[in-house]
Ligand code: A3P
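In our numbering, the protein residues as written are 457 to 777.
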């Protein structure tokens, strides 16, 4: 694939500057409207480049989600499942690298794994209808992970607040209050929003192509982690053998990838993820990892408003939160 470099991205920057914009959640994070979704420029440049240049291989597998629905966890589990014959529990790269650094991100132009062996996994937040066509034409497998919209929103608000605070350069930088942010979120104005359309795109595709698209929920992964891990392994084409099951391989992977274990690894406590437009502390990917934490930040009224909007938008799809 053609490499994603500052030069190759320049023409997209020019195009992006002409797209409809919203100031979004912070003066540092302008959102642009492209193909019916809102994108931050730094993600959109890479997404456009991927649309033009990314060549998927038939065996590639994409781990897709809206932001903050648990892809750090999904990446750790998927990487561990797929590489379990390369590494054992003591030498897996998961112990020394943030899961995001073990699996390339499609829209960051990382078309190969920066650490470890070449594995067929990619991460992406790109909506289904905006994915590079070669992913669809090559009949690649996709795992989509969604999460209760209220917890997703609360997680996102904290994440971006931290990102803005981390990358402030002295000048006045604004960040929205949680009340303003939920209003924007309910209007669909958020990174990769509207959330309902993001979910619907993958949901409908999963109904059409159940053999290629596995649709998961964060809450189910928390409740039935073992059955989700088995499902993932089967979907990836590397089911656990009886011997592996009896030997405790599944439990070992679940334990390694648990919130407690990952968040206590040195790399995730003190490491940094250097991005093209700033950096983020690895610990920002491990906040609480709980279901229902929204209650600590949103009133019932705010929660109901978001639930009602989601319900309304998802009506008739066969999917509900
Ligand atoms: P909270 O902010 O609610 O704690 P993403 O990985 O898509 O960026 O989503 C981040 C959310 O997943 C955060 O939610 C984070 O704490 C949670 N998370 C990270 N690692 C996890 C794990 N191993 N198990 C469960 N949740 C995890």
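Even glycine gets a Cβ: it sits at the ideal position worked out from N, Cα and C. Computed from a prediction, not measured in an experiment: that's the story for all the values here.
- Each of 748, 504, 657 was checked against the Cα of residue 774, and the nearest Cα belongs to 657.
- For the set 714, 494, 473, 477, the Cα lying nearest the Cα of residue 644 is the one of 494.
- In this chain, the beta strand (DSSP E) harbouring residue 518 covers 517 to 521.
- Residues 604, 606, 607, 609, 610, 759 of the same chain have their beta carbon placed closer than 8 Å to that of residue 750, with the five preceding and five following residues left out of the count.
- Proximity of the beta carbon of residue 602 to ligand 1 is not indicated: no heavy atom of the ligand is located closer than 8 Å.
- For residue 528, the shortest C-beta to heavy atom distance toward ligand 1 is below 8 Å.
- Sequence-distant Cβ neighbours of residue 671 in its own chain, meaning closer than 6 Å and more than five residues away, are 600, 662.
- Residue 729 is bridged by DSSP to 736.
- Of the residues 478, 515, 511, 514, the one whose Cα lies closest to the Cα of residue 497 is 478.
- At least one heavy atom of ligand 1 lies closer than 8 Å to the C-beta of residue 744.
- Judged by the Cβ position, residue 611 qualifies as a neighbour of ligand 1 at the 8 Å threshold, a heavy atom of the ligand being closer than this.
- Secondary structure of residue 723 (DSSP, three-state): helix.
- With respect to the 9 Å criterion, residue 659 and residue 637 are not classified as neighbours on the basis of their beta carbons.
- Nearest neighbour of residue 546 by Cα position, chosen from 746, 738, 712, 736, turns out to be 712.
- Residue 689 places its beta carbon less than 9 Å from that of residue 537.
- Counting only the Cα atoms, residue 777 lies some 32 Å from residue 701.
- Taken atom to atom, the span from the alpha-carbon of residue 489 to that of residue 684 is near 35 Å.
- With fewer than 16 other Cβ atoms from the protein chains shown falling within 10 Å of its own Cβ, residue 735 counts as exposed.
- Membership of residue 489 in the beta strand (DSSP E) is indicated by the continuous run 487 to 490.
- In the DSSP assignment, residue 774 falls outside any beta strand (DSSP E) and carries neither an H nor an E.
- Its Cα nearest to that of residue 514, the residue 576 stands out among 464, 576, 669.
- In this chain, the beta strand (DSSP E) harbouring residue 669 covers 669 to 673.
- Sequence-distant partners of residue 718 (beyond 5 residues in either direction) whose C-beta falls short of 7 Å from its own C-beta, in its chain, are 532, 724, 742.
- For residue 593, the three-state secondary structure derived from DSSP is helix.
- Between residue 506 and residue 562, the CB-CB gap stays under 9 Å.
- If you compare the alpha carbons of 747, 470, 512, 491 with that of residue 673, the shortest gap goes to 747.
- Residues of the same chain with a CB within less than 7 Å of the CB of residue 551, apart from the 5 flanking positions on each side, are 721 in chain order.
- Taken through DSSP and simplified to helix, strand or coil, residue 598 comes out as strand.
- Looking only at 512, 616, 767, 543, the smallest Cα-Cα distance to residue 480 is reached by 616.
- Remark: the C-beta of residue 489 is outside contact range of ligand 1, defined as less than 8 Å to any heavy atom.
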